[in-house]
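Protein chains in written order, with this note's numbering: chain V, 1 to 706; chain G, 1 to 91. Glycine included, each C-beta is placed from N, C-alpha and C at the ideal position. Heads up: the structure comes next, in structure tokens.
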Amino acid sequence: MKKSPKIALIGNPNAGKSSLFNSLTGLRQKTGNFPGVTMDKLIGKWKLEKGDDAEILDLPGIYSIYPKSVDEQVVINILANPQHPDYPDLAIVVADASNLKRNLLLFSQVRDLGIPTVLALNMIDVAESQGIVINSVKLARELNVEVAEVNAKKGIGLNGLRLSVNKTLETNYNSNDSLPMDYDREMVEEIKEKYGDTDDYHALLWLSEHDNLIQFDEKQRIEFDNIQEKYGWKTQNAQSKETMARYSQLNEIVDNCLHEVPAEEEEINTWTDRLDKIFLHRFWGYFIFLGILFIVFQAIFTWATYPMDLIDGGIANLNDFLKTNLPPTKLTDLLTDGLIAGIGGVLIFIPQIAFLFLFISMLEETGYMSRVMFIMDKLMRRFGLNGKSVVPLISGVACAVPAIMSTRSIGSWKDRLITIMVTPLMSCSARLPIYTVLIALVVPEKSTLFGIFNLQGVVLFAMYLLGFFMALFSAYVMKLLLKVKERSYFIMELPSYKSPRFSHVMITILNSTKAFVFEAGKVIVAISIVLWVLASYGPGDAIEQAEIYVKTQNPTLSGTELQNKISSQKLENSYAGRFGKVIEPVIKPLGYDWKIGIALITSFAAREVFVGTMSTIYSLGGEANEENSTVMKRMRAEINPETGKPMYDMALGFSLLIFYAFAMQCMSTLAVTYRETKSWKYPTIQFVYMTALAYISAFVVYQVLK
Amino acid sequence: MVYPLHTSYLISHISYLFHMKTIADLKVGERGIIVNFTDEEFSLKLLEMGCLPGTQVTMTHIAPFGDPIAVKVSGYVLSMRKEEAATIVIA
Numbered sequence: 001m002k003k004s005p006k007i008a009l010i011g012n013p014n015a016g017k018s019s020l021f022n023s024l025t026g027l028r029q030k031t032g033n034f035p036g037v038t039m040d041k042l043i044g045k046w047k048l049e050k051g052d053d054a055e056i057l058d059l060p061g062i063y064s065i066y067p068k069s070v071d072e073q074v075v076i077n078i079l080a081n082p083q084h085p086d087y088p089d090l091a092i093v094v095a096d097a098s099n100l101k102r103n104l105l106l107f108s109q110v111r112d113l114g115i116p117t118v119l120a121l122n123m124i125d126v127a128e129s130q131g132i133v134i135n136s137v138k139l140a141r142e143l144n145v146e147v148a149e150v151n152a153k154k155g156i157g158l159n160g161l162r163l164s165v166n167k168t169l170e171t172n173y174n175s176n177d178s179l180p181m182d183y184d185r186e187m188v189e190e191i192k193e194k195y196g197d198t199d200d201y202h203a204l205l206w207l208s209e210h211d212n213l214i215q216f217d218e219k220q221r222i223e224f225d226n227i228q229e230k231y232g233w234k235t236q237n238a239q240s241k242e243t244m245a246r247y248s249q250l251n252e253i254v255d256n257c258l259h260e261v262p263a264e265e266e267e268i269n270t271w272t273d274r275l276d277k278i279f280l281h282r283f284w285g286y287f288i289f290l291g292i293l294f295i296v297f298q299a300i301f302t303w304a305t306y307p308m309d310l311i312d313g314g315i316a317n318l319n320d321f322l323k324t325n326l327p328p329t330k331l332t333d334l335l336t337d338g339l340i341a342g343i344g345g346v347l348i349f350i351p352q353i354a355f356l357f358l359f360i361s362m363l364e365e366t367g368y369m370s371r372v373m374f375i376m377d378k379l380m381r382r383f384g385l386n387g388k389s390v391v392p393l394i395s396g397v398a399c400a401v402p403a404i405m406s407t408r409s410i411g412s413w414k415d416r417l418i419t420i421m422v423t424p425l426m427s428c429s430a431r432l433p434i435y436t437v438l439i440a441l442v443v444p445e446k447s448t449l450f451g452i453f454n455l456q457g458v459v460l461f462a463m464y465l466l467g468f469f470m471a472l473f474s475a476y477v478m479k480l481l482l483k484v485k486e487r488s489y490f491i492m493e494l495p496s497y498k499s500p501r502f503s504h505v506m507i508t509i510l511n512s513t514k515a516f517v518f519e520a521g522k523v524i525v526a527i528s529i530v531l532w533v534l535a536s537y538g539p540g541d542a543i544e545q546a547e548i549y550v551k552t553q554n555p556t557l558s559g560t561e562l563q564n565k566i567s568s569q570k571l572e573n574s575y576a577g578r579f580g581k582v583i584e585p586v587i588k589p590l591g592y593d594w595k596i597g598i599a600l601i602t603s604f605a606a607r608e609v610f611v612g613t614m615s616t617i618y619s620l621g622g623e624a625n626e627e628n629s630t631v632m633k634r635m636r637a638e639i640n641p642e643t644g645k646p647m648y649d650m651a652l653g654f655s656l657l658i659f660y661a662f663a664m665q666c667m668s669t670l671a672v673t674y675r676e677t678k679s680w681k682y683p684t685i686q687f688v689y690m691t692a693l694a695y696i697s698a699f700v701v702y703q704v705l706k
Numbered sequence: 001m002v003y004p005l006h007t008s009y010l011i012s013h014i015s016y017l018f019h020m021k022t023i024a025d026l027k028v029g030e031r032g033i034i035v036n037f038t039d040e041e042f043s044l045k046l047l048e049m050g051c052l053p054g055t056q057v058t059m060t061h062i063a064p065f066g067d068p069i070a071v072k073v074s075g076y077v078l079s080m081r082k083e084e085a086a087t088i089v090i091a
């Protein structure tokens, strides 16, 4: 027996796999990425015997080893490849006892792959409440494997499971050596000859799924195509036949081991039935969904501001402290204005992201999210989307990066692609500070709509709606343009309602937030440093010249005022300032000058640096990290040199608002789009269409309001 | 019986012409027994999710705009679109 065996948890979605994982590993789990794909991988430790920790791997839920979506694909890439670093020494197949036959289908496939397998029979209480009694001893004998009865949620039966696992690991026993269906042996021999000795089932799996298996290269895939042609192999047909053959074998076994007391006529009105009457109601269903959305927004935009202000203040204090206590060198500036400001820019989003995942994981845990998909499918379909697009679109309000990753559950490639392409139009939390500053500049604080709604609040809400409707509109256009011959489908389980498990929700929040901080954080910090360098240095001695120039021009000035003028002049002569001047002619029609140009350039990589850049540009100098109001005051006082009127009037304000609402200014999003679509084509299109949309809309708004 | 993919579209129309009853024809609360599938691509997915010939299905929900629908099958609730439901022939 190996020292640290690898154990994979495999099972249908909602079979209790994640509950079992949490029960087995507690907080002794860590996230990682599967090799080759950026997909959350959960690994935990489970004590098997004295000093012997097994490594438990939680895999996404699947119904069969023939994947229908990208998240299912990850599982198959591991199971199909015995050389894969995550290939398990043993598989625990978690089965929902109340739906045994369907769950055993997957079990039989995993077992036939030659992986020593233990069956964990979960949700026996649910089965019993439905009048189903399972003889697990008999089942173990019929299936020829160890069967352990567990209650994953309550953590009952883990010792029995441990015994079964130990026993199976010791004997390394795997039962079946004959497959239930007919297949061409000659063909299988040819595959084995070409791709290495393996069992028949692996060979067949390779043959039918080779296009999606990362272990094969282009040349091998073509060879597989040739074999398919040579032997007249029809993948779908073969998979259907295999599934039928497995079921007929399982039918017999299940009949022998399962005793069903026929439920009394007109089944018990379960909680799920009652709740569905409300949640799926043609009026109340939507009403409740809107209400829940409202609460989520309230949390993200109101409750989250308290911890965000704390983080903001903490970073500002730290920076002030460092500035006063460290020698005033370039290095100190890099540390405070570059690095710490950059890290602060990442940390500030944690409360919003955490709140968002709190709600999303609770809605998913309870089973409500599938109902939302159910009632939204028809509406979304009109726009080329899918009921499952709702989750990414909602998540997009916090951050497009996790939102785009959550599209993996969408089975149809076209629906998924369109969702990925339009999700960044949803107003993410990085746009919020920009909206806040600009709205405060152009919309009078005291004015109201109909005397009750604060007009600033109404405009802010309108910006979010604008993003949403633009996402729908763009999706509709893409639906017309994309010529993909693939049928979209929506075959999905509606799980029964469950109360959310606190620990599970907390672990999800922790893992998602960590992923955001480290994934997006890297990019944002890097950009902040680059920006700092570009804004602090200029070609030749331009920076030194700027200081001398200001001093000779304003011999009477001194103190802060002089410092401000100097920083402003320095910035104009820095690399960033020069870039701003270069693009000024292009952005002039939108009403922008070179200073805004700098902000546009710097926020091309990450839009959240806009406010920071603005405060740098408007040279708050020594008083860095003042509140926004100071940036605003300075921006409000800015005079347009051509008209002599305030620079930030309605036209410019709204032009900028619209530009930031639509423009693709996020490297992390482009990077994640590249990873998810595996091609530079789609991030390029995304970048071009969103930027064009932003430019044209901002142009129209400026010219109309001017 | 399973038909090859390229004829599936035609077949789903044939099932309509010959008045073969499908899940899409059920009203909420009505039941049927799955007989076969008229679409190979959907049938594999449906089989894997427990829609076996001989199994009883009960229509439980129809979404507000008439589509998708949800049925109770092998002890759990499965949702699908109308066009998918129309490929499951019942008796």
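> Name the chain V residues whose beta carbon is nearer than 7 Å to that of G/L52?
Replying inline: Y247
>> Against chain G, with Cβ distances strictly below 8 Å, would V/F289 count as a contact?
In response: no
> Where does V/P646 fall in DSSP's three states?
Replying inline: strand
> Using the rule of at least 16 other Cβ atoms within 10 Å of the residue's Cβ for burial, across every protein chain shown, is V/R382 buried or exposed?
Replying inline: exposed
> Helix, strand or coil for V/Q73 per DSSP?
Replying inline: helix
> Between V/L322 and V/T332, what straight-line distance do the alpha-carbon atoms span, to the nearest angstrom?
Replying inline: 8 Å
>> Under DSSP, the beta strand (DSSP E) around V/E146 begins and ends at which residues?
In response: 146 to 149
>> The alpha helix (DSSP H) that contains V/T691, what's its start and end?
In response: 681 to 705
> Who are the near neighbours of V/F687 in its chain, counting only those whose CB is closer than 7 Å to its CB and skipping five residues on each side?
Replying inline: M664, L670
>> So V/I348 and V/I311 are supposed to be a Cβ contact under 8 Å. How far apart are they, rounded?
In response: 5 Å
> Would a C-beta distance cut-off of 8 Å place V/L161 and V/A127 closer than the cut-off?
Replying inline: no
> V/M492 touches chain G at which residues, Cβ-Cβ below 8 Å?
Replying inline: L78, S79, M80
> Just how far apart, CA to CA, sit V/V700 and V/E544?
Replying inline: 41 Å
> Using 8 Å as the Cβ pair cut-off and three pairs as the minimum, do the segment 75 to 82 of chain G and the segment 475 to 495 of chain V touch?
Replying inline: yes
> Would G/L99 count as contacting chain V if we go by Cβ distances under 8 Å?
Replying inline: Beyond the ends of chain G as shown, which are 1 and 91, falls residue 99 of chain G; an answer cannot be given.
> In three-state DSSP terms, what is V/R473?
Replying inline: Looking at the sequence provided, one finds Phe at residue 473 of chain V rather than Arg. Looking at V/F473 - three-state DSSP - the assignment turns out to be helix.
> Roughly how many angstroms lie between the CA atoms of V/D58 and V/P585, to the nearest whole one?
Replying inline: 55 Å
>> Considering Cα atoms alone, identify which of V/A605, V/V611, V/A606 is closest to V/I596.
In response: V/V611
>> Does V/W532 pass the burial test, meaning 16 or more other C-beta atoms within 10 Å, or should it be called exposed?
In response: buried
> Are the C-beta atoms of V/R274 and some chain G residue less than 8 Å apart?
Replying inline: no
> Shorter than 8 Å from the beta carbon of G/G75 to some beta carbon of chain V?
Replying inline: yes
> Any C-beta of chain V sitting closer than 8 Å to the C-beta of G/K45?
Replying inline: yes
>> Which residue wins for smallest C-alpha separation from V/D184, given the options V/K230, V/V437, V/N554, V/Q215?
In response: V/K230
> Given V/M123, which residues of its chain have a CB within under 7 Å of its CB, disregarding the five upstream and five downstream residues?
Replying inline: G16, D96, A97, S98
>> Any C-beta of chain G within less than 9 Å: which residues of the segment 229 to 246 of chain V qualify?
In response: K234, Q236, N237, Q239, S240, K241, T243, M244
> Are there 16 or more other CB atoms within 10 angstroms of the CB of V/P555, so buried, or fewer, so exposed?
Replying inline: exposed
> Does V/I375 come within less than 8 Å of chain G when only Cβ atoms are used?
Replying inline: yes
> Which residues in the same chain have their Cβ closer than 6 Å to the Cβ of V/P539, if we skip the five residues on either side of it in sequence?
Replying inline: none
>> So with CB distances below 9 Å, who are the chain V contacts of G/E84?
In response: Y489, F490, I491
>> Using C-beta distances below 8 Å, list every residue in its chain close to V/T25, excluding the 5 sequence neighbours before and after it, in chain order.
In response: G44, K45, W46, I56
> Going along chain G in order, which residues have a C-beta closer than 7 Å to the C-beta of V/L105?
Replying inline: E48
>> Here's the rule I'm using: 16 or more other beta-carbon atoms within 10 Å means buried, otherwise exposed. How should V/V707 be labelled?
In response: The requested residue 707 of chain V is not part of the displayed model; chain V covers only 1 to 706.
> If you measure from the beta carbon of V/Q73 to each beta carbon in chain G, is any gap under 8 Å?
Replying inline: no
> I think G/I88 touches G/T22, with their Cβ atoms under 8 Å apart; what is that distance to the nearest whole Å?
Replying inline: 6 Å
> Taking Cβ-Cβ distances shorter than 8 Å, what residues in chain V pair up with G/E30?
Replying inline: The premise fails here: G/E30 is roughly 13 Å from chain V at the closest Cβ pair, so nothing lies under 8 Å.
> In the structure shown, what three-state DSSP assignment does V/E493 receive?
Replying inline: strand
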